[in-house]
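The structure under discussion appears below in the form of structure tokens.
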Amino acid sequence: MRKPEVSPKGLFDPYYVPKKLLHRDRELESIKGIHSDSFADDYGVNCLVHGITGVGMTVFSRYFLTRIVPNKFDAYTVYVDAKNKDILEIVSDLNNRIHIKNNRPITVAFDLDVLWMQFKRAATTSQRKGVFVIDNIDESNEEVFSKLARLSKEIQASTIGILNSHDYRFLTKSGATAMAYDFEIPLDTYTQSQLYEIVRMRVEETFPLRLTDEVVRYIADIVCEFDASKPKTSIEALKTLYPLASRGHEIDSDMVRNATTDIATFHHEQDYMETIEAISMNDFMTLLVLEALSGHLMQYKTETYIDRKTLNEVVQIKCEELGVIYAREDIERSLQSLIFQCVVFESGYSKNLLYVLVPPEILYDTAVAMRRELVKRK
Numbered sequence: 032m033r034k035p036e037v038s039p040k041g042l043f044d045p046y047y048v049p050k051k052l053l054h055r056d057r058e059l060e061s062i063k064g065i066h067s068d069s070f071a072d073d074y075g076v077n078c079l080v081h082g083i084t085g086v087g088m089t090v091f092s093r094y095f096l097t098r099i100v101p102n103k104f105d106a107y108t109v110y111v112d113a114k115n116k117d118i119l120e121i122v123s124d125l126n127n128r129i130h131i132k133n134n135r136p137i138t139v140a141f142d143l144d145v146l147w148m149q150f151k152r153a154a155t156t157s158q159r160k161g162v163f164v165i166d167n168i169d170e171s172n173e174e175v176f177s178k179l180a181r182l183s184k185e186i187q188a189s190t191i192g193i194l195n196s197h198d199y200r201f202l203t204k205s206g207a208t209a210m211a212y213d214f215e216i217p218l219d220t221y222t223q224s225q226l227y228e229i230v231r232m233r234v235e236e237t238f239p240l241r242l243t244d245e246v247v248r249y250i251a252d253i254v255c256e257f258d259a260s261k262p263k264t265s266i267e268a269l270k271t272l273y274p275l276a277s278r279g280h281e282i283d284s285d286m287v288r289n290a291t292t293d294i295a296t297f298h299h300e301q302d303y304m305e306t307i308e309a310i311s312m313n314d315f316m317t318l319l320v321l322e323a324l325s326g327h328l329m330q331y332k333t334e335t336y337i338d339r340k341t342l343n344e345v346v347q348i349k350c351e352e353l354g355v356i357y358a359r360e361d362i363e364r365s366l367q368s369l370i371f372q373c374v375v376f377e378s379g380y381s382k383n384l385l386y387v388l389v390p391p392e393i394l395y396d397t398a399v400a401m402r403r404e405l406v407k408r409k
């Protein structure tokens, strides 16, 4: 049986477009429908695609350009990323790309007016309709999109502007931008289950070795908990894990925690110790629950979660060993206290699954030390 081909482009190419765009059917139908009408009746439309940074605006727009436009419309496309570019660079990019797309010779120029005139001439005389995309619009390059949008109305072309929610709210208050677009495509954040599917698809397309469902779920849980359900953040974590998987390492929870440190670290180790000390002061059972939970995760490195049933069983055994009265309601009360203080987390897929972000060794050592201190005091 032939091993399926995988490519790291899905992790390392910022302009990677997946074979299938998950959970954007409604938005794709909207942008396809509006462009179908504009092509049928021969007029141009200007669109703004916006959402929080990292939610997939570039992927959405490039999917429309590369997967839908070539199959559905007789048009050429020009994509320019305006990030960290001045106006001259953006217009130069537009000019170069339109000449390449239309297979026309270009005269080298370094003057903004000359570059714009060359671009306008190429766009106006093209035999096919154009779809122009400017990514990363902000206040420094808004005038290029506005100018391009006005031109599109003259020549029956279409434009797509891509910008984050902050810039969208700011720029659409100005008269120039408000007049420059006809409709908008807002991209919402993904739900936990949707993000899991997206991460799973990216893993299958790019990883040389298949990650376990638990590892992918763990990454998605952490991203959703701390970074607003953004696929881009999960991809950054996968980039860190990719070299390890390529060398044949089995990816465990410790590796995932290291890969997501920038997302999830909101306490220092000392802060966790102080938090645990505060919530477990004179509370033997809370320390015992934390000790049992972290001890289990230390023992079983490949397990990223512990379920409530297993936790209860482990705590019950510890209670028998220590001669402590076992009461399930006390365990749940202690667990809720740890969850409320963000020492322990519930999975977004099932509240029955519990996980931690701090290395279990740190939690275990802290819980054991404090529990022994309580025994000494008594």
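For the sequence shown, our numbering gives the first residue as 32, with consecutive numbering after it.
Just so you know, even glycine gets a beta-carbon here, dropped at the ideal spot from N, CA and C.
As a quick exercise: from the options, pick the residue whose alpha carbon is nearest that of residue i.
i    : options                : result
R55  : V90, A259, E281        : V90
P136 : K51, S61, R128         : R128
R98  : Y249, L52, R241        : L52
E60  : K40, Y94, G41          : Y94
Y273 : D258, T306, N289, T237 : T237
V254 : V230, D244, L42        : V230
E281 : E334, K132, I370, A309 : E334
P217 : N195, S224, L202, A209 : N195
M148 : H130, G64, Q158        : H130
S123 : D144, A259, A309       : D144
V76  : Y249, V48, A180        : A180
G354 : F43, K340, M316        : M316
A154 : N134, I168, F141, P390 : N134
S224 : A259, C78, G379        : G379
V387 : A400, D252, E228       : D252
R200 : L119, V80, D68         : V80
Y74  : N102, L182, E352, V247 : L182
C78  : Y212, V389, D293       : Y212
T228 : D219, V247, M210       : The sequence given here has Glu at residue 228, not Thr. Closest by alpha carbon: V247.
M210 : T220, K184, I193       : K184
S67  : K40, P101, P49         : P101
D219 : A259, L202, G192, P239 : A259
P390 : V375, R403, E120, K382 : V375
T349 : R339, M401, G326       : For clarity, residue 349 is Lys in the given sequence; the question names Thr instead. The shortest C-alpha separation from K349 is found at G326.
D314 : D283, S365, D117, T264 : S365
I294 : L318, S265, D283, S284 : S265
Drop a sphere of 10 angstroms on the beta-carbon of residue i, count the other beta-carbons inside from all chains shown, and report buried for 16 or more, exposed for fewer.
i    : result
N222 : Residue 222 is actually Thr in this sequence, not Asn. By the neighbour-count rule (16 or more Cβ atoms within 10 Å), T222 is not buried but exposed.
Y46  : exposed
R33  : The predicted position of R33 is uncertain, since its pLDDT is 44 and thus under 50; a value taken from the coordinates is nonetheless stated next. Per the 10 Å Cβ criterion, exposed.
K204 : exposed
H197 : exposed
S38  : exposed
V111 : buried
T291 : buried
T156 : exposed
R57  : exposed
T397 : buried
K261 : buried
A71  : exposed
A309 : exposed
A358 : exposed
G279 : exposed
Y249 : buried
V406 : exposed
L269 : buried
N167 : buried
F371 : exposed
V139 : exposed
I193 : buried
I121 : buried
To the nearest whole angstrom, what separates the beta carbons of residue i and residue j, a pair I think is in contact under 8 Å?
i    : j    : result
M307 : L324 : It should be noted that the sequence gives Ile, not Met, for residue 307. Rounded, the Cβ-Cβ distance is 12 Å, inconsistent with contact.
L226 : V234 : Between V234 and L226 the Cβ distance is about 12 Å, and since that is not below 8 Å, they are no contact.
L385 : L342 : 7 Å
M329 : E245 : Actually they do not touch by this definition, with Cβ atoms about 16 Å apart.
F214 : I65  : 6 Å
F104 : N126 : Rounded, the Cβ-Cβ distance is 23 Å, inconsistent with contact.
P49  : M232 : 7 Å
L202 : E174 : With a Cβ gap of about 11 Å, L202 and E174 do not count as contacting.
According to DSSP, which residues form a beta bridge with residue i?
i    : result
L79  : G192, E215
T108 : V162
I129 : Looking at the DSSP assignment, I129 forms no beta bridge with any residue, so it has no partner.
D338 : L384
E392 : DSSP, once it has assigned bridges, lists no residue as partnering E392.
F315 : DSSP output for F315 lists no bridge partner at all.
E377 : L385
Within 8 Å of any Cβ in chain B, is that where the Cβ of residue i sits?
i    : result
K340 : In the structure shown, chain B does not exist; there is a single protein chain.
| query | Three or more beta-carbon pairs under 8 Å between the segment 103-110 and the segment 78-88, yes or no? | reply | no
- Inspect the CB distances between the segment 314-334 and the segment 256-276 and report whether three or more fall short of 8 Å. no
Notebook entry, point to check: With contact counted as at least three CB pairs below 8 Å, one residue from each stretch, are the segment 158-167 and the segment 175-195 in contact?
Noted result: yes
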